[in-house]
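Here's the structure we're looking at; comments come further down.
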Amino acid sequence: MSVSSRKIIAFCLLTFLLYIHRVQAQYFILNFSDEDFHNGFDNNSTKEDSDYENFGQKEPKPDQELDPGSWRPVLELNDSVVDPALTLYYSALKKMVSAASKGNVSLMEEAVTEVNASASAGDPPAQSVMGFVYGMGMTREANGTKSFQQHQLAAEGGNMQSKMALAFRYIQLDMHDKAVQLYAEVAEAALSNFLISKDFSTVAPLRIHRGAVEDEYVPRRFRGEDDEGIKILKYHAQIGMPSAMYKVGLFYYFSLRGLRHDHAKAVYWFSKAAEKGEPRSMEILGEIYAQGTCVERNYTKAFECLTLAAEGGLDSAFTGLGYLYLKGYGVDKNYTKARECFEKVSDSEDPSGMYYLGMLYLKGIGVKRDVKKATKYFLVASNAGLPKAMYQIAKMLHAGAELRKNPNMLKLAAAFYKSVAERGPWNSLSRWALEAYMKGDVGKAFILYSRMSELGYEVAQSNAAWILDKYGERSMCMGVSEFCTAKERKERAHALWWRASKQGNDYAALLVGDAYYYGRGKERDFVRAVEAYMYAKSQLNAQAMFNLGYMHEYGQGLSFDLNLAKSYYNQALENEQVSRLPIMLALARLWVRRNYADISIMLTLLLASLVTVRHLRTKRPQHREVTVDSIGADATQPLVEYADFPNDPDMLTCKLRSCEL
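With mature numbering (1 follows the signal peptide of the UniProt record, and there is no 0) as the guide, the letters of the sequence shown map in order to residues -25 to -1, 1 to 636.
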């Protein structure tokens, strides 16, 4: 065996458990020789010199440049400057959103006609919306071919949302070679949306339901300016509390807790807090000045702010300082000091420091080049959820997949790219949808979640489906010429649940199984019901385990096997303590069937258990999901929806994690 072949790096992606955006978790061993890295990754990197010259830190761009035709000017109703060439498009889009909100079918028809005219004139954003219209079957006959063609035209014109929509369709068709190219383009653009070290610039879409019921926590925490907690926080900021000033600034800058983006207010409060020596405000002001986000770029001022933050004991500020030393911005270029800064941050297990150390070793800047060590740093930072590190891992997987012709690696690369791509500015659709839902505007929320569903967001898919099931006619679901019928709503909901189930949503898989089991909107099919239940069971869904046991017990779609039925019932019992009684009764019924021929005894127990079995089959346990933020989490870890900001246990932001059943 040659020396190069022995130099194998094997990374078990179990350390990720990234199950990225509900791609089914699997064990992967990736074997790369040094020659693979040298010939493959190096060659790949030369095609993206600008990326490596900036060490993965993209120059910030305004949302309108990143996302041409963004829905923001319509949804925020601010003074955003729009391209005059898109005047007709925005006029039509405004009517479309208004029609969905009011349930006005004739206005929707008028809006779609105007969008179609703009699309016919070659306007990419309008073509993207028409792709959405044909995909939904809204005032037009649903036509997958026309939808694809419109998105294809829009993507060729640079529309990122259409690239997302096409990439997700390719994923569904197992055409990962095409999906990975599109997701790579969108992910690269999304990098411009991140600060140097902070990774919470976008908020993960929130699930508005917990199983079949509304999530009561969401309305309490996302009331925006009307939230009592926000009012109290603002009062504390106004009377001069530095920590409150910092938090108010964060809420406005990153649009948290239901507040809308307002960079001017954010900078005002950060500056006020910095005047009082608040180190976190100094750090973020340093990053804002370094990137020129909503202020004039000033590297000297950025260096001063970051230095003060570091001197104030904030280790994370060394990431920004290291980047300035690395690039020579506002200070003489010094690779040694840059490395020392990044090492100091990584010692405190800050993922941003590990990421930049990885970039140093990847390029051999100030250190001996070591791709293996670089990859290890990227892995750790990826596990912590840092998008830029995920992007680098995606590139490595992509390069390795092309070298090895490995479809599994290509699939995983697409999943990593997708995770980064979904954090771009188009992610803000979820914020507007949630805001509409909070205000009782179900129709507006539904159309926005539907748009995100098309782009591949699993949470949006389940939210849109849940709105259809929960609100029925109030969802303002529109068909070709009128509101959707009950049958059409069921079909749309089923399609949305199906998409969500394919991305790891076990509750969605359960509903898909129920649809086939009971024949709800679909022809009754026990075999397909079993397939769906099996998928939900793989996500430790106790309801699915019980259903599979029931089907084995009665030979429905599965072989008649009382032993297997008992095994599934026992698994359900282990994973669902709340419904212990019905499961125990089902087990008792099995025991009687296996040990006694006395029909009267069996019938007595059957009568007692049928009621409870029905209760269990209709009761929906809270579904479990594994996400990027639940890496390495124990299966019984409690739900944590709002993880702490670094160095601030009082701060809350949304990061979904696993929950017990």
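We put the CB at the ideal spot given by N, CA and C, even for glycine.
Helix, strand or coil at residue i according to DSSP, with G and I counted as helix
{"i": "E191", "result": "coil"}
{"i": "R185", "result": "strand"}
{"i": "F458", "result": "strand"}
{"i": "L453", "result": "Rather than Leu, the amino acid found at residue 453 in this sequence is Met. Correct three-state label for M453: strand."}
{"i": "S45", "result": "coil"}
{"i": "F197", "result": "coil"}
{"i": "T268", "result": "coil"}
{"i": "M150", "result": "coil"}
{"i": "N381", "result": "coil"}
{"i": "K338", "result": "helix"}
{"i": "A96", "result": "coil"}
{"i": "residue 640", "result": "Lying before the first or after the last residue shown, residue 640 is absent from the chain, which here runs from -25 to 636."}
{"i": "L565", "result": "helix"}
{"i": "A420", "result": "helix"}
{"i": "K343", "result": "coil"}
{"i": "A359", "result": "coil"}
Own chain partners of residue i with C-beta closer than 6 Å, once the 5 adjacent residues on each side are dropped
{"i": "Q531", "result": "F501"}
{"i": "L63", "result": "S93"}
{"i": "D444", "result": "A468"}
{"i": "V434", "result": "P180 and R182"}
{"i": "G224", "result": "A241, W244 and F245"}
{"i": "W441", "result": "H184"}
Cβ shell of residue i (< 8 Å), same chain only, five flanking positions each side left out
{"i": "M71", "result": "M83, A86, V87, V90, V104 and I422"}
{"i": "K319", "result": "D290, F293 and G328"}
{"i": "S437", "result": "R182, H184, L471, W472, A475, N480, Y482 and A483"}
{"i": "C452", "result": "F421, L443, F458, C459, E463, R464 and R467"}
{"i": "V80", "result": "A74, T114, M453, S456, E457 and F458"}
Straight-line Cα distance separating residue j from residue i
{"i": "L328", "j": "R314", "result": "Note that residue 328 is Gly in the sequence shown here, rather than Leu. Approximately 9 Å, taken between the alpha carbons."}
{"i": "N522", "j": "Y508", "result": "7 Å"}
{"i": "R196", "j": "H527", "result": "44 Å"}
{"i": "S425", "j": "D190", "result": "19 Å"}
{"i": "L281", "j": "D58", "result": "36 Å"}
{"i": "D345", "j": "M371", "result": "14 Å"}
{"i": "K251", "j": "D237", "result": "22 Å"}
{"i": "E506", "j": "Q478", "result": "15 Å"}
{"i": "A408", "j": "A563", "result": "47 Å"}
{"i": "residue 654", "j": "G267", "result": "A query on residue 654 cannot be resolved here, the shown segment of the chain reaching from -25 to 636 and no further."}
{"i": "A241", "j": "F391", "result": "31 Å"}
{"i": "A376", "j": "D149", "result": "15 Å"}
{"i": "F143", "j": "E279", "result": "44 Å"}
{"i": "Q125", "j": "N118", "result": "11 Å"}
{"i": "D24", "j": "E429", "result": "Bear in mind that a pLDDT of 43 at D24, under 50, signals an unreliable position, so the number given afterwards is only what the model happens to contain. Distance between the alpha carbons of D24 and E429: 33 Å."}
{"i": "A164", "j": "A140", "result": "15 Å"}
{"i": "G295", "j": "S95", "result": "47 Å"}
{"i": "E131", "j": "L61", "result": "17 Å"}
{"i": "G287", "j": "C316", "result": "15 Å"}
Beta-carbon separation (whole angstroms), residue i vs residue j, contact threshold 8 Å
{"i": "A504", "j": "K512", "result": "In fact, because the Cβ distance is near 12 Å, the residues do not count as touching under 8 Å."}
{"i": "G333", "j": "Q367", "result": "7 Å"}
{"i": "G305", "j": "A277", "result": "6 Å"}
{"i": "Y221", "j": "S256", "result": "5 Å"}
{"i": "N168", "j": "P43", "result": "With 8 Å as the limit, N168 and P43 do not qualify as a contact, their Cβ atoms being about 15 Å apart."}
Residue i - containing alpha helix (DSSP H), residue span
{"i": "Q147", "result": "M135 to Q147"}
{"i": "C316", "result": "Y310 to D322"}
{"i": "T62", "result": "T62 to K77"}
{"i": "Y227", "result": "P217 to F229"}
{"i": "S542", "result": "L537 to N550"}
{"i": "T120", "result": "G119 to E131"}
{"i": "M113", "result": "No alpha helix (DSSP H) holds M113; DSSP gives it neither H nor E."}
{"i": "E286", "result": "Y274 to E286"}
{"i": "A489", "result": "A quick correction: the sequence has Asp, not Ala, at residue 489. It spans D481 to Y493 - the alpha helix (DSSP H) in which D489 sits, taken as one unbroken run."}
{"i": "D444", "result": "E433 to Y446"}
{"i": "Q518", "result": "A517 to Y529"}
{"i": "E506", "result": "F501 to S513"}
{"i": "G295", "result": "A292 to K302"}
{"i": "S246", "result": "H238 to E250"}
{"i": "G204", "result": "E203 to Q213"}
{"i": "R406", "result": "L404 to M413"}
Neighbourhood of residue i by C-beta, 7 Å cutoff - its chain only, sequence neighbours within 5 removed
{"i": "A547", "result": "A517, M520, F521, G524 and I558"}
{"i": "A389", "result": "I146, H151, A154, V155 and Y158"}
{"i": "V49", "result": "Y65, L68, K69 and V72"}
{"i": "V342", "result": "R314, L335 and Y336"}
{"i": "K121", "result": "Y109"}
{"i": "K209", "result": "V223"}
{"i": "F107", "result": "R426 and E429"}
{"i": "A411", "result": "K419, A420 and L423"}
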